[in-house]
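Engineer:
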Amino acid sequence: MNEPDISRIIEMAWEDRTPFDAIEAQFGLNEQAVKELMRSNLKRSSYQLWRKRVTGRGTKHLAKRSFSVGRHQSYDHTKH
Numbered sequence: 001m002n003e004p005d006i007s008r009i010i011e012m013a014w015e016d017r018t019p020f021d022a023i024e025a026q027f028g029l030n031e032q033a034v035k036e037l038m039r040s041n042l043k044r045s046s047y048q049l050w051r052k053r054v055t056g057r058g059t060k061h062l063a064k065r066s067f068s069v070g071r072h073q074s075y076d077h078t079k080h
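The UniProt record's numbering numbers the first residue of the sequence shown as 1 and each following residue consecutively.
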């Protein structure tokens, strides 16, 4: 896996509203593989902070979400 892909996966993993399923669909890595990638590419303290943040977070799992999945688009983006 190349450096830009690893960087993007780490970015997506830190995002609260990006589910592990989206990472798997785009990069073919399941949740366990994402955890391993994060462990090997982050400092120990950063990895522990990330794990604490995502553990039990419903938005990281599509089945646990209470809202429909959609992309956010700024109101200003559509203004002319």
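From the three backbone atoms N, C-alpha and C, an ideal C-beta is built for every residue, glycine too. Please read all numbers here as calculations on a predicted model, not as lab measurements.
Flag this pair as yes or no: are the beta carbons of L37 and W50 separated by less than 8 Å?
Structural biologist: no
Engineer: Helix, strand or coil for H80, going by three-state DSSP, please let me know.
Structural biologist: Unreliable positioning characterises H80 in this predicted model, as indicated by a pLDDT of 49, which lies under 50. A coordinate reading is not provided.
Engineer: G28 by DSSP, collapsed to three states: which one?
Structural biologist: coil
Engineer: By Cβ distance below 8 Å, which residues in the same chain neighbour I10 in space, the five residues on each side in sequence not counted?
Structural biologist: Apart from sequence neighbours up to five positions away, the residues of its chain that approach I10 with a beta-carbon distance below 8 Å are L37, M38, N41, L42, ordered along the chain.
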